[in-house]
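Report on one structure; see the data block that follows.
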Amino acid sequence: MAIRQAPHGPIWRKRTTPQSIALWFGWLLLVLLFVLAWEAMTRNQIWAFVWDAPEQAADLFGRMVPPRWSYMDQLWVPLWDTINIATLGTLLAIVLAVPVAFLAARNTTPSPLLVRPIAIFIIVASRSVNALIWALLLVAILGPGLLAGIIAIALRSIGFIGKLLYEAIEEIDLRQVEAVRATGAGPAQVLDYGIVPQIMPAFAGITLFRWDINIRESTVLGLVGAGGIGLQLKASVDGLAWPQVTLIFIVILTTVILSEWVSARVRAALI
Amino acid sequence: MLRLESLTKRYRTGDLALSEISLAIPAGQVVGLIGPSGAGKSTLIRCVNRLVEPTSGRIWLDDLELTRLGRRGLRHARRRMGMIFQEYALVERLTVMENLLSGRLGYVSFWSSLIRRFPPADIENAFRLLDRVGLMEHADKRADALSGGQRQRVGIARALAQEPEILLVDEPTASLDPKTSRQIMRLLREVCAERGLAAIVNIHDVLLAREFMMRIVGLRAGAIVYDGGPDGLTPAVLTEIYGEEDWAASSDLSDTGPSPRPGVPDTDELVGAL
Numbered sequence: 001m002a003i004r005q006a007p008h009g010p011i012w013r014k015r016t017t018p019q020s021i022a023l024w025f026g027w028l029l030l031v032l033l034f035v036l037a038w039e040a041m042t043r044n045q046i047w048a049f050v051w052d053a054p055e056q057a058a059d060l061f062g063r064m065v066p067p068r069w070s071y072m073d074q075l076w077v078p079l080w081d082t083i084n085i086a087t088l089g090t091l092l093a094i095v096l097a098v099p100v101a102f103l104a105a106r107n108t109t110p111s112p113l114l115v116r117p118i119a120i121f122i123i124v125a126s127r128s129v130n131a132l133i134w135a136l137l138l139v140a141i142l143g144p145g146l147l148a149g150i151i152a153i154a155l156r157s158i159g160f161i162g163k164l165l166y167e168a169i170e171e172i173d174l175r176q177v178e179a180v181r182a183t184g185a186g187p188a189q190v191l192d193y194g195i196v197p198q199i200m201p202a203f204a205g206i207t208l209f210r211w212d213i214n215i216r217e218s219t220v221l222g223l224v225g226a227g228g229i230g231l232q233l234k235a236s237v238d239g240l241a242w243p244q245v246t247l248i249f250i251v252i253l254t255t256v257i258l259s260e261w262v263s264a265r266v267r268a269a270l271i
Numbered sequence: 001m002l003r004l005e006s007l008t009k010r011y012r013t014g015d016l017a018l019s020e021i022s023l024a025i026p027a028g029q030v031v032g033l034i035g036p037s038g039a040g041k042s043t044l045i046r047c048v049n050r051l052v053e054p055t056s057g058r059i060w061l062d063d064l065e066l067t068r069l070g071r072r073g074l075r076h077a078r079r080r081m082g083m084i085f086q087e088y089a090l091v092e093r094l095t096v097m098e099n100l101l102s103g104r105l106g107y108v109s110f111w112s113s114l115i116r117r118f119p120p121a122d123i124e125n126a127f128r129l130l131d132r133v134g135l136m137e138h139a140d141k142r143a144d145a146l147s148g149g150q151r152q153r154v155g156i157a158r159a160l161a162q163e164p165e166i167l168l169v170d171e172p173t174a175s176l177d178p179k180t181s182r183q184i185m186r187l188l189r190e191v192c193a194e195r196g197l198a199a200i201v202n203i204h205d206v207l208l209a210r211e212f213m214m215r216i217v218g219l220r221a222g223a224i225v226y227d228g229g230p231d232g233l234t235p236a237v238l239t240e241i242y243g244e245e246d247w248a249a250s251s252d253l254s255d256t257g258p259s260p261r262p263g264v265p266d267t268d269e270l271v272g273a274l
C-alpha cells in the first residue's frame, strides 16, 4: 500500500513505484523464460513429422475403428484384477497412512522435533514417486503380478492420504477436544471422541477420491508387468492390434466413469 | 472446598494472565467471576482443571493438591470437575447421547468407550439428565442439529454426567440471546442447588451476575479487585473492575441513577451487554 501526502490530501495507490517496477520485471522474466524453454524444447524436433501429423492421426484412427468387440472375452479377468488392485491398494494405504497422518499433524504428533519430520518425510517420499515407477521397482523385487501392483498403488497413496488427512487433523476445532479432555478422558479416548468425529468427513472424501484415482492408475500398471488391463494394452499396442486398443480404451473410460459415479454416491451418503 | 493459593500464570509470550490469586470457594457456593476481556477469567478456571498449566501457586480440591498431580492422578481429579464452555464445545458430529456419555469417559475403559458400550447405570443416568434439562426427545439427534440454548443444555448435562463436585463454567451465555441466557443461568443455579455443587461462573454480563450469583469476584489485569456479595457492585466498584464508564446511565446499578425514561421498558434483557 502506498499512501502519499499531496497538497489537496492523501493519495492512495495499491503499490509504490519500486513495487510496480519490480512487478514489471517479474513479468518480463517470465516471458523470457517461456521463449528460452520453447527454443530448447523444439531444437531437436523433426518438423517434417509434425507437418504430416494430421495424416498420420487419420490413418491410425482408420485402423482403430471399428473396435474388436469379441476381444472383450479376454478383458473381463484383467478388468476385475485392475479394480482389485485399486481397491486393495487403497485399503492397504489407509491402514498405513492413518497413523502416519496422526504422527505428522502438529496438534497430535508425540514429538514435533523428532517424530513429525520422519512422518513428513514418509509422506513426501511416497508422493514423489509415481505409482508406475513403484511398480517397476516392485516387479523387479517381487516378480510380475497383482501383488506388485497392489503394493505400488498403496505406496503411492500413503503420501496422498497422509498429507490431506494430516492437514484435516490440523484444522480441527480444539475446543471440542478440550471439552473431552476436561471430562478426565485418556489420550486414546480424546482421539476417539474429540478428534475422529471431526475428521470423518474429510477422511471419507480423501479415501474415496484416492480410490477413484487409483482405478485410473492401476489401468497402466500392466505396462510394466504389475497386473491388470495394462498388460493387454501393451500386448495389443506391440502387436499393432489397433481395434483391440480401441476396445481397451472404451473399457477403461467406462470403468472410470462408473468409479466416479460410485465414489460420488458413497461420499454423499457418508457426509 | 476449592482453594487457590498465590496462583500465577505467565504465558510463554510473557503476558501475565494471573498474578498471585488466592481464593477459597466453600461447597455449594456459586461464584460469579466478572471482569473485562483479557482479565484472566478463562485462564483462572482452566488452571483449576489444568487445561492450562499454572506457572506457580497451588490449588486444592478438598485435601487433594491438584497442582501436584501426575497425568493419571489429574485425569481422575478431572472427573470431579465438570466444565461448561462458552460456545458449548460439544462434539458436533456425535449424537446428543454420545456427547452426554462422553462425560463418563473418565470412568469407563477405552474399549467400552470405543464400541460405545457404557454401563446401564450410566445410560439410565444420562436419560435422567436429558429429562432434567428438557431434551428427552432429542437424545438421538446430532449435536449440530440443535439450537444454541439446546446445545448449552447438553453441555450442562454432559458436565453433570461426570457426577462432579464443582462446576467450572466459562461464559455460558456469551453466544445466547437474552431470554435463553436467563434460562440457562436459572438452570445452572437450580442444578447447583439440587446437587449441592459449587461453581465458578465466568460471566461478562453484570446484570446476570448480580441476579444469579451468590458471590461476585471481580478480576482486573489478573488480580482480584472485588470479592463480595452481588449487592456490593456499585458504580464505584464497577469502575474499579472495568474502568471509567457512566454505569448509572445504563442500568439500575446506582441508587442515585436517573429513573427509567417513559416508553423504554426497563427490563434486564434489554441491557444485556454492559
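Chains G and D supply the protein sequences, listed in that same order.
Anchor point for the first sequence: position 73 equals 73 in the UniProt record's numbering, and the numbering is continuous, going up by one each time.
Anchor point for the second sequence: position 159 equals 159 in the UniProt record's numbering, and the numbering is continuous, going up by one each time.
Each residue gets a CB set at the ideal place from its N, CA and C atoms; glycine is no exception.
The structure displayed is predicted, hence computed values, not measured ones.
Check whether residue i and residue j have beta carbons under 9 Å apart
| i | j | result |
| --- | --- | --- |
| V251 of chain G | I229 of chain G | yes |
| L2 of chain D | A24 of chain D | yes |
| P230 of chain D | R215 of chain D | yes |
| V91 of chain D | A139 of chain D | no |
| residue 284 of chain D | A223 of chain D | It is not possible to answer for residue 284 of chain D, since the shown part of chain D is limited to 1 through 274. |
| S126 of chain G | I153 of chain G | no |
| K141 of chain D | V96 of chain D | yes |
| R245 of chain D | A27 of chain D | Residue identity differs from the one stated: residue 245 of chain D is Glu in this sequence, not Arg. Contact flag unset, no. |
| G243 of chain D | I34 of chain D | no |
| V52 of chain D | L4 of chain D | no |
| G89 of chain G | G143 of chain G | no |
| V256 of chain G | L136 of chain G | no |
| I45 of chain D | V169 of chain D | yes |
Exposed unless 16 or more other CB atoms sit within 10 angstroms - verdict on residue i
| i | result |
| --- | --- |
| N214 of chain G | buried |
| K9 of chain D | buried |
| L233 of chain G | buried |
| I200 of chain D | buried |
| S259 of chain D | Any reading at S259 of chain D needs caution, since the residue's pLDDT is 41, under 50, leaving its predicted position unreliable; the model's value is listed next. S259 of chain D comes out exposed. |
| R265 of chain G | exposed |
Test: residue i CB closer than 9 Å to a CB of chain G
| i | result |
| --- | --- |
| E20 of chain D | no |
| M81 of chain D | yes |
| S175 of chain D | no |
| Y242 of chain D | no |
| Q162 of chain D | yes |
| R93 of chain D | yes |
| G70 of chain D | no |
| S113 of chain D | yes |
| residue 343 of chain D | Within the shown structure, residues of chain D are numbered from 1 to 274, placing residue 343 of chain D beyond reach of any answer. |
| F212 of chain D | no |
| H204 of chain D | no |
| L105 of chain D | yes |
| H138 of chain D | no |
Other residues of its chain near residue i: CB distance less than 6 Å, five sequence neighbours each side excluded
| i | result |
| --- | --- |
| R158 of chain D | N99, L100 and G103 |
| I11 of chain G | R4 |
Three-state secondary structure (DSSP) of residue i
| i | result |
| --- | --- |
| N99 of chain D | helix |
| E244 of chain D | coil |
| L32 of chain G | helix |
| L135 of chain D | coil |
| K141 of chain D | coil |
| E171 of chain D | coil |
| S111 of chain G | coil |
| N84 of chain G | helix |
| S37 of chain D | coil |
| R68 of chain G | coil |
| Y166 of chain G | helix |
| G184 of chain G | coil |
Cβ of residue i within 9 Å of any chain D Cβ
| i | result |
| --- | --- |
| V98 of chain G | no |
| residue 273 of chain G | Residue 273 of chain G lies beyond the stretch modelled for chain G, which goes from 1 to 271, so this question has no answer here. |
| A269 of chain G | no |
| A173 of chain G | Contrary to the premise, residue 173 of chain G reads as Asp rather than Ala in this sequence. So yes, D173 of chain G belongs to the interface. |
| P7 of chain G | no |
| P110 of chain G | no |
| Q198 of chain G | yes |
| P10 of chain G | no |
| P117 of chain G | no |
Close beta carbons around residue i, own chain, < 7 Å, minus the five adjacent residues each side
| i | result |
| --- | --- |
| L74 of chain D | R50 |
| R12 of chain D | none |
| A104 of chain G | R116, A119, I120, I123, G162 and Y166 |
| residue 327 of chain G | Within the shown structure, residues of chain G are numbered from 1 to 271, placing residue 327 of chain G beyond reach of any answer. |
| L233 of chain D | V206, R210, I216 and L253 |
| R216 of chain G | V256 |
Beta-carbon neighbours of residue i, restricted to chain C and to distances below 9 Å
| i | result |
| --- | --- |
| S102 of chain D | Note that chain C does not occur in the displayed structure, where the protein chains are G and D. |
Other residues of its chain near residue i: CB distance less than 8 Å, five sequence neighbours each side excluded
| i | result |
| --- | --- |
| M136 of chain D | F127 and L130 |
| I112 of chain G | Inspection of the sequence shows that residue 112 of chain G is occupied by Pro rather than by Ile. Counting only Cβ-Cβ distances below 8 Å, and skipping sequence neighbours, we find R106. |
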